[in-house]
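Student:
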Amino acid sequence: MSSTLPYTVTPLDYSATGYFTKLITDYLKGDVWLKQFYVHERTMLSVEEAIRTKRNQKLYRKELADALLKQYDGLLKEEDAAHKNILSLKKENTFTIVTAHQPNLFLGPLYLIYKITSAIRMAELLNENYPSEKFIPVYWMGSEDHDVDELNHISLFGNKIEWNLKQKGSFGNYNTESLGGLIDGLKEVAGNSPYTDELIQLLKSAYLESKTITEATRKLLHHFFGKQGLVIVDGDDSALKKIFQPIMQDELLNSTSEKLVNATIVKLEEKYPVQVKPRNINLFYMKENLRERIVKEGAEYKVLNTEITFSQQAILSELENHPEYFSPNVVLRPLYQEMILPNIAFIGGGAEVSYFMEFKNSFEHYKIAFPILFLRNCALVIDKLSAARMNKLGLTETSLFTDIEELIKSFTLQQAGDSFEMNEERSELEKLFQQLKSKTVTLDKTLENQIAAEQTRVLKFIQSLEERLLKTEKKKHEDGIQQIRKLKEKLFPDNSLQERHESFIAFYLSHGVDFFNIVHEAFDPFERKFTVISLQ
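Start counting at 1 in the sequence shown, then tack on 499, and there's your number in this note's numbering.
#1: Per DSSP, what kind of secondary structure is R541 in: helix, strand or coil?
#2: Just reading off the alpha helix (DSSP H) that R792 is part of, what are its end residues?
#3: At a cut of 8 Å, does the stretch 890 to 908 reach the stretch 976 to 983 through at least three beta carbon pairs?
#4: Taking the alpha-carbon positions, what's the H1019 to P608 distance?
#5: Candidates K801, R778 and K770: which alpha carbon is nearest A813's?
#6: Quick check on DSSP: helix, strand or coil for L1045?
#7: I'd like to know if Y673 contacts chain C, where contact means its C-beta is closer than 8 Å to some C-beta of that chain.
#8: Assign E708 to buried or exposed, taking buried as 16 or more other Cβ atoms, counted over all protein chains shown, within 10 Å of its Cβ.
#9: So the beta strand (DSSP E) S1033 belongs to, where does it begin and stop?
#10: Would a C-beta distance cut-off of 8 Å place L669 and S642 closer than the cut-off?
#11: Could you work out which residue in S898, K938 and V880 is closest to T507 when comparing CA atoms only?
#12: Could you pull the DSSP bridge partners for K576 from this structure?
#13: Quick one: Cα of Q465 to Cα of S754, how far?
#14: Can you give me the C-alpha to C-alpha distance between Q727 and Y771, rounded to a whole angstrom?
#15: May I ask you to report which of helix, strand or coil DSSP gives G893?
#16: Starting from I660, follow its DSSP beta bridges and name the residues at the other end.
#17: With distances taken between CB atoms, is the gap from E632 to V760 smaller than 8 Å?
#18: Mind checking who T674 pairs with in its DSSP beta bridge?
#19: Measure the C-alpha to C-alpha separation of E591 and H652 and round it to an integer number of angstroms.
#20: Measuring straight from C-alpha to C-alpha, what distance separates F873 and L767?
#21: Compute the distance between the beta-carbons of E791 and L803, then report whether it is under 8 Å.
#22: For N781 versus N828, is the C-beta distance shorter than 8 Å?
#23: Among M747, G797 and T901, which one has its Cα closest to the Cα of P459?
#24: Using a threshold of 8 Å, state whether the C-beta atoms of F1022 and I843 are closer than that.
#25: Kindly list the residues whose CB is nearer than 7 Å to the CB of V775, restricted to its own chain and excluding five residues on each side of it in sequence; keep chain order.
#26: Look at the alpha carbon of Q997 and the alpha carbon of L990, and state the distance between them as a whole number of angstroms.
#27: Grouping DSSP H, G and I as helix and E and B as strand, with all else coil, what is A618?
#28: For the alpha helix (DSSP H) that T503 lies in, which residues bound it at each end?
#29: Taking Cβ positions, are K859 and F869 nearer each other than 8 Å?
#30: Could you please give the first and the last residue of the uninterrupted alpha helix (DSSP H) stretch that includes D696?
#31: Identify which residue in F900, E927, G893 and R925 has its Cα closest to the Cα of L912.
#32: Just to confirm my understanding: we take R999, look at its own chain, exclude 5 residues before and 5 after, and list those with CB closer than 6 Å. What are they?
#33: Using only the alpha-carbon positions, how far apart do F519 and G849 sit?
#34: What is the DSSP secondary structure of G849, counted as helix, strand or coil?
#35: Does the stretch 697 to 705 come into contact with the stretch 656 to 672, if we say contact requires no fewer than three beta-carbon pairs (one atom in each stretch) closer than 8 Å?
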């Protein structure tokens, strides 16, 4: 659906924002040296090549579709786009566009919405350009993640809404029955916004009528994106892990990924810091209320922070009988994902794109096709009130990314009409001292240092004078300066990108699904630009 709200879109170079690593900005520019760490260029033209490569990989289409129908467990109707897409996965001409993230409480920060929308938009564009193939957007839910401190809260209007609980193990398996009070508390923070009641009902329906975070996340995302054909894959699945079992066995016996990834890291570290360092065994042991690393000590395999130990024969037997008890970490998860899916493109954040480049050797070793790597669409959304304040203060979308003190100085200069800057006077003085040097040094060379010292002293005095006048001007415009500080803190909380802090709820409360429609219209995953969306 199209948005009914007026808005403007300003594209910015990623390098101009100051929030992205050199590796990412170099990748977006097509740096030649980096090309050794990936396979396909991030262009439309690479799609046919990626499809050919994927066709050469052994795929498990029927097993995947069957597992997904079980995962959705009655949530789908036959006419649903997501249901049709799952069935289409069995066909040889169907391929996926995948993005991945953990199931944060209430969907977490904005960038999950941006990841999913990027995947949906790319699938739409590819379906238009390659009508003989079918492309499906997929969200790979990292439900096995156990970093509760990262997953158990959202930020809304500067308030941290946190779920304090005593459960353990993978976050996706956390029971949701205690979330009623937190949802009621969220309603108080939301206030009497146009879509408060609708949102609260959605959250209650998803979380209080589900048993786990995984189930609730699937329900909520299916409600928002199911009509656009989004398919949600939970990697915590016995049937899917059975397919991945040979690689997990190789990991337990030979620590293959450590060797392969370290070989790549040696090269990559010549120019860039790396995101991920592999462990000797890149697997967790996972049961109810438990997800801990597996380590090898001598001939034994131990599960950290427990009394659980295995002999080699015992752990291989456990893997054979219960592959679901073994959980890949960040080093093996991409291999698992790409082994299971008929996937041609991975859409990730800067860190994900960076660490994928560490794994090229692993993909080649296991004969798994390496996907096209796309940086997800990244955005700053400026609400209507903030946009009006920016206009009043004379700020542009580009200037918002300037350091706060530089932005304030620029604003003060603009208000003062540059009246206290002494660039002309400084230039004239430098000319005068140059003339003095030329005139005197030919007569007495010992005076050169004295003249240079005097020049430095006078220029420092001028700088001091400017700073004093700037301070005076700032006092005159204190109200505007405070507005700028508040604006920066609102749009860049803790001096980081809005998308990494604020919840989608902040915009949903005012605009409902129209907010998703705006993001959908504004994003083009093939465009290498940061998106600033200003609501009017």
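Glycine included, every Cβ here is placed at the ideal spot set by N, Cα and C.
As the structure is a prediction and not an experimental result, all values here were calculated from the model.
Tutor: Short version:
#1: Along the sequence shown, read from residue 1 onward, the residue named residue 541 stands at position 42. If DSSP states are grouped into helix, strand and coil, R541 belongs with coil.
#2: Locating residue 792 in the sequence shown gives position 293, counting from the first residue. R792 -> not in any alpha helix (DSSP H); beta strand (DSSP E) instead, spanning L789 to E796.
#3: yes
#4: Within the sequence shown, numbered from 1, the residue matching residue 1019 stands at position 520. Within the sequence shown, numbered from 1, the residue matching residue 608 stands at position 109. Their backbone Cα atoms lie some 17 Å apart in a straight line.
#5: Stepping through the sequence shown from its first residue, residue 813 is reached at position 314. Taking only the C-alpha atoms, the option nearest A813 is K801.
#6: Only positions 500 to 1035 of the chain appear in this structure, which leaves residue 1045 out of reach.
#7: This model lacks chain C altogether; it includes just one protein chain.
#8: Here the question's residue 708 lines up with position 209 in the sequence shown. With fewer than 16 other Cβ atoms within 10 Å, it is exposed.
#9: Taking the first residue of the sequence shown as 1, we reach residue 1033 at position 534. First-last of the beta strand (DSSP E) with S1033: F1029 to L1034.
#10: Position 170 of the sequence shown, counted from the start, is the residue given in the question as residue 669. Position 143 of the sequence shown, counted from the start, is the residue given in the question as residue 642. One detail in the question is off: residue 669 reads as Ser in this sequence, not Leu. The answer is yes: Cβ separation under 8 Å.
#11: Translated into positions along the sequence shown, residue 507 becomes position 8. If we check each option's Cα against that of T507, V880 comes out closest.
#12: Along the sequence shown, one-based indexing puts residue 576 at 77. Paired residue(s): none; K576 is not in a bridge.
#13: Not covered by the structure: residue 465. The range shown for the chain is 500 to 1035.
#14: For the purposes of this step, residue 727 is taken as the residue at position 228 of the sequence shown. For the purposes of this step, residue 771 is taken as the residue at position 272 of the sequence shown. Each residue's alpha carbon lies about 38 Å from the other.
#15: One-based indexing of the sequence shown puts residue 893 at position 394. Three-state DSSP puts G893 in coil, outside helix and strand.
#16: Numbered from its first residue, the sequence shown carries residue 660 at position 161. Per DSSP, I653.
#17: For this step, residue 632 is matched to residue 133 along the sequence shown. For this step, residue 760 is matched to residue 261 along the sequence shown. Against a cut-off of 8 Å, the Cβ pair of V760 and E632 comes out as no contact.
#18: Translated into the one-based positions of the sequence shown, residue 674 becomes position 175. This sequence places Asn at residue 674; Thr is not what is there. For N674, which the question treats as bridged, DSSP gives the partners T711.
#19: In the sequence shown, the residue the question calls residue 591 occupies position 92. In the sequence shown, the residue the question calls residue 652 occupies position 153. About 41 Å.
#20: Position 374 of the sequence shown holds residue 873. Position 268 of the sequence shown holds residue 767. Rounded to whole angstroms, F873 to L767 spans 19 Å at the Cα level.
#21: Against the sequence shown, residue 791 aligns to sequence position 292. Against the sequence shown, residue 803 aligns to sequence position 304. Yes, the pair counts as a contact, with Cβ atoms nearer than the cut-off.
#22: If you number the sequence shown from 1, residue 781 lands on position 282. If you number the sequence shown from 1, residue 828 lands on position 329. Cβ atoms of N781 and N828: closer than 8 Å.
#23: Because the chain in this structure spans residues 500 to 1035, residue 459 falls outside the shown range and cannot be described.
#24: Taking the sequence shown and counting its residues from 1, the one referred to as residue 1022 is at position 523. Taking the sequence shown and counting its residues from 1, the one referred to as residue 843 is at position 344. Cβ atoms of F1022 and I843: not closer than 8 Å.
#25: Along the sequence shown, one-based indexing puts residue 775 at 276. Correct list, in chain order: V829, V830, Y854 and E857.
#26: Translated into the one-based positions of the sequence shown, residue 997 becomes position 498. Translated into the one-based positions of the sequence shown, residue 990 becomes position 491. Q997 and L990: Cα-Cα distance of roughly 6 Å.
#27: Locating residue 618 in the sequence shown gives position 119, counting from the first residue. A618: helix per DSSP, three-state reduction.
#28: What you label residue 503 is simply residue 4 of the sequence shown in a count that begins at 1. Unbroken run through T503: none, as it is neither H nor E.
#29: Counting from 1 along the sequence shown, the entry for residue 859 is found at position 360. Counting from 1 along the sequence shown, the entry for residue 869 is found at position 370. Going by C-beta atoms, K859 is nearer than 8 Å to F869.
#30: As a first step, residue 696 is located in the sequence shown; it is residue number 197 there, counting from the start. D696 -> alpha helix (DSSP H) spans T695 to L702.
#31: Walking along the sequence shown from the start, residue 912 turns up at place 413. Ranking the options by Cα distance to L912, first place goes to G893.
#32: In the sequence shown, the residue the question calls residue 999 occupies position 500. Same-chain partners within the cutoff: P608.
#33: Within the sequence shown, residue 519 is the residue found at index 20, counting from 1. Within the sequence shown, residue 849 is the residue found at index 350, counting from 1. So the two alpha carbons sit approximately 7 Å from each other.
#34: Residue 849 sits at position 350 when you count from the first residue of the sequence shown. Looking at G849 - three-state DSSP - the assignment turns out to be helix.
#35: no
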